[in-house]
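The block underneath contains the structure these notes are about, expressed in structure tokens.
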Amino acid sequence: MTTIFINIKELIQVRDISIKKVSGKEMSDLPSIKDAFLVIKKDVIIEFGTMKDVSFSADKTIDCSGKIILPTWCDSHTHIVYAGNREQEFVDRIKGLTYEEIANNGGGILNSAKKLQEISEDELYTQSAKRLEEVMTMGTGAVEIKSGYGLTVEAELKMLRVIKKLKENYSIPIKATFLGAHAFPQEYKNNKEAYINLIIEEMLPRIVKENLAEFIDAFCETGYFSVDDTDKILTAGKKYGLIPKVHVNQFTSIGGVQISVKHKALSIDHLEIMTDKDIDSLKNTETMPVALPSCSYFLGIPYTPARKIIGANLPLALATDFNPGSTPSGNMNFVVATACIKMKMTPEEVINAATINGAYAMNLSDKVGSITKGKKANFIITKEIPSYGFIPYSFGSNLIDEVYISGEKVN
Ligand code: NIG
Ligand code: FE
Numbered sequence: 001m002t003t004i005f006i007n008i009k010e011l012i013q014v015r016d017i018s019i020k021k022v023s024g025k026e027m028s029d030l031p032s033i034k035d036a037f038l039v040i041k042k043d044v045i046i047e048f049g050t051m052k053d054v055s056f057s058a059d060k061t062i063d064c065s066g067k068i069i070l071p072t073w074c075d076s077h078t079h080i081v082y083a084g085n086r087e088q089e090f091v092d093r094i095k096g097l098t099y100e101e102i103a104n105n106g107g108g109i110l111n112s113a114k115k116l117q118e119i120s121e122d123e124l125y126t127q128s129a130k131r132l133e134e135v136m137t138m139g140t141g142a143v144e145i146k147s148g149y150g151l152t153v154e155a156e157l158k159m160l161r162v163i164k165k166l167k168e169n170y171s172i173p174i175k176a177t178f179l180g181a182h183a184f185p186q187e188y189k190n191n192k193e194a195y196i197n198l199i200i201e202e203m204l205p206r207i208v209k210e211n212l213a214e215f216i217d218a219f220c221e222t223g224y225f226s227v228d229d230t231d232k233i234l235t236a237g238k239k240y241g242l243i244p245k246v247h248v249n250q251f252t253s254i255g256g257v258q259i260s261v262k263h264k265a266l267s268i269d270h271l272e273i274m275t276d277k278d279i280d281s282l283k284n285t286e287t288m289p290v291a292l293p294s295c296s297y298f299l300g301i302p303y304t305p306a307r308k309i310i311g312a313n314l315p316l317a318l319a320t321d322f323n324p325g326s327t328p329s330g331n332m333n334f335v336v337a338t339a340c341i342k343m344k345m346t347p348e349e350v351i352n353a354a355t356i357n358g359a360y361a362m363n364l365s366d367k368v369g370s371i372t373k374g375k376k377a378n379f380i381i382t383k384e385i386p387s388y389g390f391i392p393y394s395f396g397s398n399l400i401d402e403v404y405i406s407g408e409k410v411n
């Protein structure tokens, strides 16, 4: 079954040759074809070009007059699998408590862990699937999901099994990350080493045996996991073939960038607080810096210094961080708009950051992130809009008409 999309006002992020990522000045280049057509066969892109050259006869024709097509968003950092919500902490913060104070009072990650430990795997699946479906309708066509709200062997496995089930039941590419090192459970507060041993000796072998994760993460932060702890965890993960993707520099710069780079992390994420030394440490590495502007927005913390990072000729990816505490939103449209408005990125840069660079941060550059022959037929058809710059500009509007994932229309 072939489908041709014709009269596309502009086909965005067209890459004839598959690229892995774009860095520095390259991020300003967003190749496109005006008055274009696109052909898909089953779940794959097979042809595209300008309308004047079209000679393809397909089983089905869809007219896209006035509409723009771009690859679906690649959200490389989420915690979509969680139990319940934390609106009370939201209100507490409005009334003046800080994120840190709430966490110190037993709220925060431990609050979510308690809720998750108490519900069944089926209930967790139902809650999480709803969020996954929501982000798909908002244009996300590839997603990474972390564990880290279990914090016991059984509950971490429960989370990862839910991610596996989502993978089996939905056509959207999903990548799983083990984040047992998200917070120290209360009972380990005075014996942190014992929790790290639990992660390394009990959680990791079981996860690997069941093939539940491809990546390993740690919350490397003051009051959470130290650089040494992170080193131990990434070293152990590597023995099992897990690739690091690490939470660093959200509140403080303590050496998380350097330890992650040493372990050849695929990505380092958050980066709200970056010193010049941190930026220098990323040069000549294959590690993707990932900014999470919705988290900065929601918590009122600094935004990742995108101009400095891109100015250092580095790449940058954008992701949501969808989670119940710091970012209860999985809306990538809001992420790209906020990156323009608050981080001074251009529309070209944010689209590159949220497509091809996001794909790289999940090891998916060869399958998604651009309009390229042989890649997955994952794309957004916008409503009738004047230009692609209208997407971040019109920040509160829903400009998506249809979303295709693996060649099928998302309802
Ligand atoms: O990425 N920073 C660490 N973890 C999550 C938030 C955790 C929570 O508050 O539930 C994040 O922002
Ligand atoms: Fe996160």
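In this note's numbering, the protein residues as written are 1 to 411.
In this text, a Cβ means the ideal position worked out from N, Cα and C, and glycines have one as well.
Restricting to Cα atoms, I'd like to know which of the options is closest to residue i.
| i | options | result |
| --- | --- | --- |
| VAL257 | LEU292, CYS220, ASP43, LYS232 | CYS220 |
| GLU272 | ASP280, ASN284, HIS247 | HIS247 |
| GLU449 | TYR224, ASN313, LYS308 | The chain is shown only over 1 to 411; residue 449 falls outside these bounds and no answer can be derived. |
| GLU144 | VAL208, ILE163, ILE310 | ILE163 |
| ILE310 | PHE322, MET343, ASP92 | MET343 |
| GLY49 | ILE69, LYS60, LYS42, ASP43 | ILE69 |
| LYS245 | GLN13, LYS41, ARG307, SER267 | SER267 |
| TYR297 | ILE45, GLN127, THR320 | THR320 |
| THR126 | ASP75, LEU38, LYS165, ASN191 | LYS165 |
| SER147 | ASN190, MET203, TYR188, MET138 | MET203 |
| LYS21 | HIS270, THR355, LYS238 | THR355 |
| ILE4 | VAL350, VAL54, MET138, VAL261 | VAL54 |
| GLN117 | ASN169, MET27, PRO185, ILE62 | PRO185 |
| THR152 | ILE371, ALA194, GLU286 | ALA194 |
| ILE254 | ILE243, ALA103, THR230 | THR230 |
| LEU11 | SER28, LYS42, THR72 | THR72 |
| GLY358 | MET332, ILE341, CYS340, ALA337 | MET332 |
| ILE380 | ASN284, LYS60, PHE56, CYS64 | CYS64 |
| LYS189 | THR252, ARG15, ILE94, ALA103 | ALA103 |
With residue i as the anchor, note down where its alpha helix (DSSP H) starts and where it stops.
| i | result |
| --- | --- |
| PRO416 | Outside the shown range of the chain, which is 1 to 411, sits residue 416, and nothing can be said about it. |
| ALA194 | 192-197 |
| ALA113 | 109-118 |
| LEU271 | Looking at the DSSP string, LEU271 is not in any alpha helix (DSSP H), and its letter there is neither H nor E. |
| MET229 | The sequence given here places Asp at residue 229; Met does not occur at that position. ASP229 -> alpha helix (DSSP H) spans 227-239. |
| SER128 | 121-137 |
| TYR360 | 356-360 |
| GLY66 | Where GLY66 is concerned, there is no enclosing alpha helix (DSSP H), given that its DSSP letter is neither H nor E. |
| ASP92 | 87-94 |
| LYS158 | 153-169 |
| GLY256 | 256-262 |
| GLU210 | No alpha helix (DSSP H) holds GLU210; DSSP gives it neither H nor E. |
Note down the Cα distance separating residue i from residue j, rounded to an integer number of angstroms.
| i | j | result |
| --- | --- | --- |
| ASP276 | LEU282 | 10 Å |
| HIS263 | ALA58 | 48 Å |
| PHE390 | GLY66 | 13 Å |
| ALA377 | ILE405 | 6 Å |
| ILE216 | SER226 | 16 Å |
| ILE172 | LEU30 | 24 Å |
| ILE301 | LEU160 | 30 Å |
| HIS79 | LYS115 | 15 Å |
| CYS295 | LYS52 | 45 Å |
| GLU408 | LEU97 | 45 Å |
| ALA291 | SER76 | 10 Å |
| SER370 | GLU348 | 13 Å |
| SER120 | ALA113 | 13 Å |
| ALA337 | THR222 | 30 Å |
| TYR360 | ALA317 | 9 Å |
| ILE200 | ILE62 | 52 Å |
Are there any heavy atoms of the ligand NIG lying less than 7 Å away from the beta-carbon of residue i, as far as the coordinates show?
| i | result |
| --- | --- |
| GLY108 | yes |
| PHE219 | yes |
| PRO324 | yes |
| THR327 | yes |
| GLN88 | no |
| GLN250 | yes |
| LEU112 | Reading the sequence as shown, one finds Ser at residue 112 and not Leu. Indeed, a heavy atom of the ligand NIG lies less than 7 Å from the Cβ. |
| CYS295 | yes |
Would you check whether the ligand FE has a heavy atom nearer than 7 Å to the C-beta of residue i?
| i | result |
| --- | --- |
| ASP321 | yes |
| HIS79 | yes |
| HIS263 | no |
Between which two residues does the beta strand (DSSP E) containing residue i stretch?
| i | result |
| --- | --- |
| LYS245 | 243-248 |
| LYS146 | 140-146 |
| SER394 | No beta strand (DSSP E) holds SER394; DSSP gives it neither H nor E. |
| VAL44 | 44-50 |
| PHE334 | Here PHE334 belongs to no beta strand (DSSP E); instead the alpha helix (DSSP H) covers 332-343. |
| ASN313 | Where ASN313 is concerned, there is no enclosing beta strand (DSSP E), given that its DSSP letter is neither H nor E. |
| SER32 | 32-41 |
| TYR404 | 400-405 |
| GLU101 | Here GLU101 belongs to no beta strand (DSSP E); instead the alpha helix (DSSP H) covers 99-104. |
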